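The block underneath contains the structure these notes are about, expressed in structure tokens.
There are 2 protein chains.
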Amino acid sequence: MARTGRRPARPADEEASASPDTRSSILAAARAGFALSGYDGASTRAIAAAAGVDAALIHHYFGSKQRLFVAAMEIPFDPDAVRREVVGGPRDTVGERIVRFFLDLWEEPVRRQILLGMVRSAMTDPEAAAMVRRLVIEGTVLPLVAETGVTQSAMRATLVGSQLMGLALIRYVLCVEPLAGTPVETVVAAVGPTIQRYVTAPIEGLPPGAD
Amino acid sequence: MARTGRRPARPADEEASASPDTRSSILAAARAGFALSGYDGASTRAIAAAAGVDAALIHHYFGSKQRLFVAAMEIPFDPDAVRREVVGGPRDTVGERIVRFFLDLWEEPVRRQILLGMVRSAMTDPEAAAMVRRLVIEGTVLPLVAETGVTQSAMRATLVGSQLMGLALIRYVLCVEPLAGTPVETVVAAVGPTIQRYVTAPIEGLPPGAD
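See the structure below:
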């Protein structure tokens, strides 16, 4: 991440006077950059340019591209709130609630940009992939599945994750019609039973004690 | 795609004597490069270096990075054979056959590399995304679903695509355990019923005439 500094440096006193606004501008530019190009494709120099700051400021605030990514992709929801909202309801419709919650996350434009950045980055960058695993599967889906009290929750969580991630891929990344343009509640009705089965039904073929 | 030519050029007569082997070496290097870094991340120069040829040869053979990509990502299966194998069997187990066929594709190391390259590239490159849509959804899943004679085959095809793509993502790209290490037949038993439902069951909430 050598600083090539082709843009003229800002006055030396800017760093001292850098406001929370500067940090926010950098984070917003980083989200946009990672969402568009993924982790590999987005350069800190381009992000600095988009934020209207010198690349040195990014190093000052975040230390490295990796840390900038982690800060920019900051978890866009509260896992405890998710658990209350999703698990606190009839057990036989938990699948629908999971799909609805997941789609609502993605439907919101700013969060969608963050999530797109995460997914794109996870494709080519092992650190970003580890972050998605930790955040989406281990940090959110697994506790949620475990809370329903089923066995084999780890396997169930990855099955749930596979359907949700694929839904995001088709609907929001590749934008394949008609699924991309289908109303949320129609998708909930179509995909909810899949998630319901992965979470609560006996799943044939799963080796016992996969937890 | 300017030729920067930092590697020493091969003798001028190489182009004239270029064998099918040279083309194959370039394609193999391209598959490896696109699989590792995606479309944006892989440079033709690096691909040329890996193939041990001058970058000019890539232009000679393929014209552009885009065309090199299309050639390297050449459809790794015969859609007609897929239809015969998958649709030619009991209708109530078509879901299992689709999952088994899809996993068998990915389990084979060379094809997995091609498919990884496709998926990674589709994340950030609109041309590659269009190619995945055309190849996977419109070219393979949709005709297959349509052949079973159901209504709303376009919507069903995208639902099937969402589960299959998500399965590939979790199992082969993000490598999330335990799903990543689960034997093929166990995954077939777990995911088959999902695909079966998307293909043949009435799907609540789907607007009539979505075809």
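Respectively, the protein sequence lines represent chains X and S.
All residue numbers for the first sequence refer to the working numbering, where the first residue is -9 and numbers rise by one.
All residue numbers for the second sequence refer to the working numbering, where the first residue is -9 and numbers rise by one.
Even glycine gets a Cβ: it sits at the ideal position worked out from N, Cα and C.
For clarity, every value in this text was computed on a predicted model and none was experimentally measured.
Closer than 8 Å by beta-carbon distance: list the chain S residues that pair up with R187 (chain X), in chain order. Neighbours of R187 (chain X) across chain S, judged by C-beta separation under 8 Å: P183 and T184.
Report all residues from its chain with a CB closer than 6 Å to the CB of I218 (chain X); omit the five preceding and five following residues, and keep chain order. There is simply no residue 218 (chain X) to check, as chain X begins at -9 and stops at 201 in what is shown.
Close Cβ partners of D30 (chain S) (< 7 Å) along its chain, the five nearest in sequence each way excluded: Excluding residues up to 5 positions away in sequence, T114 and D115 lie with their Cβ nearer than 7 Å to the Cβ of D30 (chain S) in the same chain.
Interface residues of chain S around P168 (chain X) at Cβ under 7 Å? Under the 7 Å cutoff, chain S gives A144, M145, T148 and A200.
Closest by C-alpha distance to L169 (chain X), when choosing among S:P168, S:E167, S:V166 and S:I127: Out of S:P168, S:E167, S:V166 and S:I127, S:I127 has the C-alpha closest to the C-alpha of L169 (chain X).
Does any residue of chain S have a CB that is nearer than 8 Å to the CB of E97 (chain X)? It does not; no Cβ of chain S falls within 8 Å.
Using a Cβ-Cβ distance under 8 Å, would A19 (chain X) count as near chain S? Using a CB distance cut-off of 8 Å, A19 (chain X) does not count as an interface residue toward chain S.
How long is the line joining the alpha carbons of W96 (chain S) and V174 (chain S), rounded to whole angstroms? Here the alpha carbon of W96 (chain S) sits roughly 10 Å from the alpha carbon of V174 (chain S).
Is the beta carbon of Q153 (chain X) less than 8 Å from the beta carbon of I193 (chain X)? Against a cut-off of 8 Å, the Cβ pair of I193 (chain X) and Q153 (chain X) comes out as no contact.
By Cβ distance below 7 Å, which residues in the same chain neighbour T34 (chain S) in space, the five residues on each side in sequence not counted? Within the same chain, and ignoring the five residues on either side of T34 (chain S) in sequence, the residues whose Cβ sits closer than 7 Å to its Cβ are M(-9), A45, I48, K55 and L58.
Within a Cβ cutoff of 7 Å, which residues of the same chain sit near F91 (chain S), ignoring the five residues on either side of it in sequence? Answer for F91 (chain S): V72, E75 and V76, listed in chain order.
Tell me which same chain residues have a C-beta within less than 8 Å of the C-beta of V163 (chain X), skipping the five on either side of it? Residues L106, V109 and R110 of the same chain have their beta carbon placed closer than 8 Å to that of V163 (chain X), with the five preceding and five following residues left out of the count.
Of the residues that make up the segment 75 to 88 of chain X, which ones have a beta carbon closer than 8 Å to any beta carbon in chain S? With the criterion set as a beta carbon lying under 8 Å from some beta carbon of chain S, the segment 75 to 88 of chain X has no members that meet it.
Between P250 (chain S) and R81 (chain X), what straight-line distance do the alpha-carbon atoms span, to the nearest angstrom? Since the first residue shown for chain S is -9 and the last is 201, residue 250 (chain S) is missing from the structure and cannot be characterised.
Answer yes or no: does any C-beta atom of chain X fall closer than 8 Å to that of E137 (chain S)? Contacts with chain X at 8 Å (Cβ-Cβ) do not include E137 (chain S).
Nearest-angstrom Cα distance between L132 (chain X) and G28 (chain S)? Separation of L132 (chain X) and G28 (chain S) (C-alpha to C-alpha, rounded to the nearest whole angstrom) is 29 Å.
Rounded to a whole number of angstroms, what is the C-alpha to C-alpha distance between S15 (chain S) and A41 (chain S)? So the alpha carbons of these two residues sit roughly 5 Å apart.
What's the gap between the Cα of L159 (chain S) and the Cα of L149 (chain X)? Take the alpha-carbon of L159 (chain S) and the one of L149 (chain X): they are about 11 Å apart.
Nearest-angstrom beta carbon gap, M155 (chain X) and G156 (chain S) [assumed within contact, 8 Å]: Yes, G156 (chain S) and M155 (chain X) are in contact; Cβ-Cβ is about 4 Å, under 8 Å.
Going by the CB atoms, is the gap between V84 (chain X) and T190 (chain X) shorter than 8 Å? Against a cut-off of 8 Å, the Cβ pair of V84 (chain X) and T190 (chain X) comes out as a contact.
At a CB distance below 7 Å, what residues from the segment 24 to 58 of chain X approach chain S? Give them in sequence order. Interface annotation for the segment 24 to 58 of chain X against chain S: S27, G28, D30 and G31, criterion Cβ-Cβ distance under 7 Å.
Please tell me whether Q103 (chain X) and A25 (chain X) are closer than 8 Å, where the distance is taken between their beta carbons. Against a cut-off of 8 Å, the Cβ pair of A25 (chain X) and Q103 (chain X) comes out as a contact.
I want to see whether chain S comes within less than 8 Å of L125 (chain X), judged by CB atoms only; does it? Taking a beta-carbon distance threshold of 8 Å, L125 (chain X) does not count as an interface residue toward chain S.
Where does G182 (chain X) fall in DSSP's three states? G182 (chain X): helix per DSSP, three-state reduction.
Compute the Euclidean distance between the alpha carbons of R135 (chain X) and S9 (chain S), then round it to the nearest angstrom. Note that residue 135 (chain X) is Val in the sequence shown, not Arg. In this structure, the CA atom of V135 (chain X) is about 56 Å from the CA atom of S9 (chain S).
G28 (chain S) (DSSP reduced to helix, strand or coil): It is helical.
So the alpha helix (DSSP H) E117 (chain S) belongs to, where does it begin and stop? Element bounds for E117 (chain S): P116 to V122.
So, for E137 (chain S): in the same chain, excluding its five sequence neighbours on each side, which residues have a beta-carbon less than 7 Å away from its beta-carbon? Excluding residues within five positions, the ones whose Cβ falls inside 7 Å are R73 and V77.
Cβ closer than 7 Å: which chain S residues qualify as neighbours of I160 (chain X)? Taking the beta carbon of I160 (chain X) as reference, the chain S residues within 7 Å of it are T148, G151, S152 and M155, listed in sequence order.
Can you give me, in chain order, the residues of the segment 107 to 126 of chain X that have a beta carbon less than 8 Å from any beta carbon in chain S? Only V109, R110, A112, M113, T114, A119, V122 and R123 from the segment 107 to 126 of chain X bring a Cβ to less than 8 Å from some Cβ of chain S.
Shorter than 8 Å from the beta carbon of A(-8) (chain X) to some beta carbon of chain S? Interpretation of A(-8) (chain X) is limited by its pLDDT of 44, a score under 50 that renders its predicted location unreliable; the figure taken from the coordinates is listed afterwards. Taking Cβ atoms only, chain S never reaches closer than 8 Å to A(-8) (chain X), which makes this a no.
From the DSSP output, in three-state form, read off A136 (chain S) for me. Secondary structure at A136 (chain S): helix, using DSSP grouped into helix, strand and coil.
Which of helix, strand or coil DSSP assigns to P192 (chain X): In this structure, P192 (chain X) counts as coil in the three-state DSSP scheme.
Considering only the beta carbon of each residue, do V60 (chain S) and V178 (chain S) sit closer than 8 Å? Contact flag unset, no.
Could you pull out every residue in the same chain whose Cβ sits closer than 7 Å to the Cβ of V181 (chain X), ignoring the five residues on either side in sequence? Cβ within range, chain order: V89, Q153 and L157.
Please report the straight-line C-alpha distance between R146 (chain S) and E167 (chain X), rounded to a whole angstrom. Distance from the CA of R146 (chain S) to the CA of E167 (chain X), rounded to the nearest whole angstrom, comes to 11 Å.
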